[in-house]
Each structure stands twice: as structure tokens, then as C-alpha cells.
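One structure is given below, encoded as C-alpha cells.
Residue numbers (my numbering): 2 to 524.
So this is what it looks like as C-alpha cells:
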């Protein structure tokens with residue numbers, strides 16, 4: 002999923018950075034895409050600017066921007082992309098527009114300009130218009146929907162277990178995925194066949210021209226790093242400054258979806274190990290530190306495989322809830338203390354002591370869902386699988402999923418099974434889609450290096466993926482961050498300053514640059 006933002010102060014000191022010219026031969030300038038029209042900005046709806054001070058709302062404008070459903074056959078109609086702009090606060094020094102993608106796939110980027118101050122230094126906001134958008138099929142941009150109603154979606158998705166263990170749970174989950182795919186084939190329409198990251202990159206190039214920029218400035222988080230890597234390879238001559246935070250391995254993701262998800266599970270395990278180690282090293286600040294946190298965690302998980310744990314208030318905690326909520330908490334180090342408190346409460350419930358009543362759970366009792374059913378707004382869309390099942394080669398062989406899950410669970414005991422019963426299970430029954438996917442080469446020929454950030458304990462996009470992204474792009478520079486959590490911008494003054502220098506002056510850090518987060522867990 003997309004990155005969790007941090008709230009940190011900025012400092013204006015960082016190691017010296019050097020302006021580095023790109024390597025390789027710059028590709029010849031291609032003609033601008035035909036038919037790209039200027040974006041027509043208008044006043045945003047008040048609901049879209051919720052949380053923005055009234056005195057700043059004049060900075061924001063919104064738009065819908067039509068792009069072809071099929072870029073190679075415009076006769077198939079258009080998709081209306083929802084866009085929002087936060088105008089540069091120093092227009093006389095304006096460099097251009099800065100496009101953002103929060104990840105997912107399926108993450109809504111439309112209103113990200115309203116929180117841009119949480120991510121970027123003031124100079125970035127002064128010098129760039131900040132552009133957020135919902136990619137095709139996502140939320141406000143003609144949402145791709147496999148079901149005709151929220152009730153129909155709940156009837157199918159509600160039968161899917163994220164960590165099915167028993168034969169009955171496995172069969173029910175796979176049957177529901179089969180029905181999910183059939184509903185998509187029946188109801189999603191032509192857009193279903195045009196949801197690749199390459200399609201989105203071509204949309205992005207039209208939007209770039211639509212806002213009047215000669216070259217793209219872009220920051221992508223998580224899945225958004227695949228979009229950035231795809232764009233810079235399709236349009237190297239139109240790329241100015243590309244920042245990728247929390248990187249995927251683009252070559253593996255687009256060549257072998259099964260192995261990619263296997264390694265993704267391993268990344269969650271590494272992040273969990275880091276959390277438990279950090280807890281053990283801070284016994285006065287981590288509620289779960291007493292004894293052996295690793296052994297205690299494994300005991301809870303293994304007990305949940307046998308059935309739910311009932312808390313004193315009658316709440317039942319299932320293996321699905323435990324796994325999903327733990328994985329979600331690993332995205333955000335600010336949740337580590339509460340995660341530790343919840344884990345200690347579960348462990349105390351397994352080992353009751355007279356006079357000690359476990360605390361009520363806060364993080365681990367959240368109902369599990371596939372993320373397309375929103376408690377507030379109802380049924381959103383099915384863009385997550387629509388993108389992943391297009392981009393990631395996964396065999397249409399649901400009979401293999403249970404064996405894959407068992408194999409992965411043996412090596413990744415907390416997250417292996419859940420990873421197998423996400424994309425591998427879902428894509429094994431997904432309708433055949435457009436094969437027009439960019440699968441390489443990845444070594445781009447843009448003039449400027451791409452700037453990369455990778456956290457050592459990133460659960461969703463493990464650090465090794467960032468190292469591979471740097472190798473595959475070639476003309477790139479990786480900044481290593483000794484941090485927990487998914488993505489880093491907004492949580493490290495060092496990383497934020499490097500980003501500012503790069504976006505504004507095209508300075509890139511020296512090789513081997515390392516940053517620290519502004520705050521480590523349990524400090």
C-alpha cells in the first residue's frame with residue numbers, strides 16, 4: 002500500500018551534494034503526444050479541502066482531465082482523471098509542477114496536495130505547483146468496479162480469509178476469488194483491459210503536457226516507484242527530476258509475480274524482526290519487552306492458528322485480524338508502542354495472573370477486509386487487483402495456491418500464508434487482460450539521475466528492492482535510511498533536505514549517502 006506520512010521538523014544541513022550529469026546517451030526528443038489538451042482548472046469543492054485553513058484555500062484548484070481508455074485506439078472512449086493542484090507560493094520563482102503518486106496500486110492521490118507540507122520542505126512548496134491525481138480506475142477517476150453494489154461486493158469479498166488455515170477456509174476463499182474474477186469479467190467493462198502501469202505512465206505524460214511542463218517532476222511512493230521507473234524509461238527525454246521512495250523491484254515484479262510476492266513476505270518478516278529486536282533493546286519503553294518478545298509473538302500467532310483468542314471484554318481476535326493489523330502497524334513506527342501494548346495484552350490473556358487484567362486492544366482488533374470496502378464511504382473500487390493482475394505475471398492455476406501458501410509459511414511464518422492468499426490467489430482467477438505492460442529494459446537514458454530512498458526495515462518494499470532498483474535503472478542514486486516503516490519523506494530531515502536540493506537544483510547526493518529518521522521507535 003501507499004506510505005504513511007510523518008510529522009517532523011526540517012533542518013537545512015546535510016552532507017555536501019554534487020550536481021551529477023546522467024550517464025549514457027540521451028534518447029532523441031520524441032514528439033509530444035497528439036491530442037493532449039490544457040488542463041482546465043476550477044474551484045475545488047469545499048469537501049475536497051477539508052482540513053485546509055480557509056486562508057490557504059485560494060492556492061488550490063481542481064480538474065477532471067480526459068485520457069483515452071486505450072492509448073492505441075482512442076475510439077474506445079476516455080477516462081476522466083481527477084486532479085488537484087496546490088499553486089506554488091512563490092510564483093515568480095516557480096520551476097514547474099510536481100506530480101505525486103501515493104502507491105497502492107489503487108491509492109488515491111487526488112487530495113495529496115492538501116498535506117504536501119507534511120512531506121516536503123517549504124522551498125519545494127514555494128517553487129512547485131503540487132499536483133495530485135487519482136490514476137485511472139481509482140476512486141474519483143472512473144472507478145473500476147467488479148460489482149454492481151456494495152452488498153454484492155460484501156457478499157463475495159466477505160467470504161475471503163486473508164490467512165485461511167483449514168481446508169474449509171481455503172476452499173471458501175478460493176471459491177470467492179473465483180466469483181470475484183467472474184464478476185470483474187462481467188461488470189468492469191473495457192477499462193479492465195487497460196489498467197497496466199504503462200497505461201498510467203502514458204496518462205501521466207498527457208497530464209504533464211496538460212499543465213504546460215516540458216519535463217516531468219515526480220515523487221512516487223511504494224507502488225508509485227514502479228510508475229516513476231516506467232515513466233522514465235518510456236519518456237527519458239521528458240523526465241527532469243524523479244524521486245522514488247520505498248522502491249519495488251521493477252524487473253522481478255513484472256517478470257515473476259509469484260516470486261516477487263514471496264520476497265515481499267520475507268520483507269515483512271524482516272521488518273517484524275526489526276520491531277521485536279528494537280522492543281527487546283528498550284525494555285522501559287516497550288510493553289512487550291519482558292521475557293523473549295520473539296518467543297512470545299510466535300506463541301500468540303501459533304495459538305491463533307488453532308482459533309480465536311477471546312479477550313476479557315468478549316472481543317474475539319482472529320488470525321486474520323492479528324496478521325493484517327500487525328502488518329499494517331509495521332508501516333508506521335509511530336504505532337509501534339501501541340502494537341507492543343496490544344501484543345502484551347494478548348500474551349497476558351494466554352497467561353492470566355490474579356489481579357492483572359489485560360488492557361483493551363486498540364490496533365489488533367480492527368476488522369479485517371480486502372481494502373475495497375470502506376467503512377465510511379462504502380464500496381470504493383477494485384483497482385488494486387486490476388493493476389497487479391495486469392502487471393504481475395501470475396499463473397491462472399488456483400489449485401497451486403494452497404501448496405504455495407504452505408511453502409511460504411514455512412519460511413515466512415507470520416506473513417507467508419497471507420501473501421499467497423492475496424495477489425497469487427486473486428490473480429490466479431482474474432480475467433485475462435491487456436498484455437501491453439512495460440517489462441523492461443529499465444536502464445533509462447534520462448539526463449538526470451533518479452533519486453531513490455530505501456529504509457532498512459521497510460516491510461512492504463524491503464531494502465533489497467531499493468538496491469535492485471538502483472542497479473536496474475543504472476543512472477540512479479540510492480540514499481539508505483536507517484529507519485523502520487514504509488517510505489521516509491516527511492520523517493527524516495536529512496532525506497527531506499536531499500529531496501529539496503534535488504528537486505530545486507538537480508543536486509544528487511554522493512554515493513553511499515546514509516540518513517537517519519528524526520525519531521527511532523521506542524526512543
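Ideal placement from N, C-alpha and C gives every residue a C-beta, glycine not left out.
Note that the structure is a prediction, hence the values are computed from the model and not measured.
- The alpha helix (DSSP H) runs of length 4 or more contained entirely in the segment 285-353 are, from start to end of the chain, 294-307, 320-330 and 337-351.
- Using a Cβ-Cβ distance cut-off of 8 Å, the segment 220-232 and the segment 240-251 are in contact, since at least three pairs of beta carbons, one from each stretch, lie closer than that value.
- Apart from sequence neighbours up to five positions away, the residues of its chain that approach residue 418 with a beta-carbon distance below 7 Å are 164, 406, 409 and 410, ordered along the chain.
- DSSP places residue 217 in the uninterrupted beta strand (DSSP E) bounded by 217-222.
- In this structure, DSSP gives residue 79 an extended state, which the three-state scheme calls strand.
- Less than 8 Å separates the beta-carbon of residue 466 from that of residue 250.
- Two segments are said to touch when three or more pairs of C-beta atoms, one from each, lie closer than 8 Å; by this definition the segment 152-167 does not touch the segment 190-197.
- Boundaries for residue 269: no beta strand (DSSP E) harbours it, while the alpha helix (DSSP H) harbouring it runs 258-281, taken from the DSSP string.
- The continuous alpha helix (DSSP H) containing residue 210 extends over residues 198-211.
- In the DSSP annotation of this structure, the continuous segment of the alpha helix (DSSP H) that includes residue 123 starts and ends at 123-128.
- For residue 127, the closest of 97, 149 and 403 by C-alpha to C-alpha distance is 97.
- Counting other Cβ atoms within 10 Å of its Cβ, residue 272 reaches 16 or more and is therefore classed as buried.
- A contact is defined here as three or more CB-CB pairs under 8 Å, and the segment 42-61 meets this definition with respect to the segment 105-120.
- Around the beta carbon of residue 524, fewer than 16 other beta carbons sit within 10 angstroms, so the residue counts as exposed.
- The Cβ neighbour count for residue 92, taken over all protein chains shown within 10 Å, is under 16; the residue is labelled exposed.
- With a threshold of 16 other beta carbon atoms within 10 Å, residue 174 meets it and is buried.
- Judged by DSSP in its simplified three-state form, residue 416 adopts coil rather than helix or strand.
- In the DSSP assignment, residue 63 falls within the unbroken beta strand (DSSP E) covering 61-69.
- Residue 310 places its beta carbon less than 8 Å from that of residue 347.
- As computed with DSSP, residue 98 is found in a beta bridge with 130.
- The C-beta separation of residue 107 from residue 385 comes to about 4 Å, placing the pair in contact by the 8 Å criterion.
- Contact check for residue 202 against residue 145 fails: the beta carbons are separated by 8 Å or more.
- The three-state secondary structure of residue 152, taken from DSSP, is helix.
- When only Cα atoms are considered, residue 454 and residue 169 end up about 43 Å apart.
- Annotated as distal: residue 261 and residue 426, with beta-carbon spacing of 8 Å or more.
- Looking from the CA of residue 192, the closest CA among 81, 109 and 236 belongs to 81.
- Around the C-beta of residue 59, fewer than 16 other C-beta atoms lie within 10 Å, and the residue is accordingly described as exposed.
- Residue 495 carries a helical assignment under DSSP once its states are collapsed to helix, strand and coil.
- Comparing alpha-carbon positions, the option among 77, 183, 235 and 55 lying closest to residue 447 turns out to be 235.
- Membership of residue 193 in any beta strand (DSSP E) is not indicated, and neither H nor E is assigned to it by DSSP.
- Runs of the alpha helix (DSSP H) lying entirely within the segment 392-448, each at least 4 residues long, are 402-412 and 417-420 in chain order.
- Counting the other CB atoms within 10 Å of its CB gives residue 55 a total below 16, which places it among the exposed residues.
- In this chain, the beta strand (DSSP E) harbouring residue 243 covers 240-246.
- Taking the Cβ atoms as the reference, residue 185 lies roughly 6 Å from residue 432, within the contact range of under 8 Å.
- Cβ-Cβ distances below 6 Å link residue 319 to 309 in the same chain, with the five nearest sequence neighbours on each side left out; the list follows chain order.
- For residue 473, no beta strand (DSSP E) run applies; the uninterrupted alpha helix (DSSP H) run containing it begins and ends at 464-474, by DSSP.
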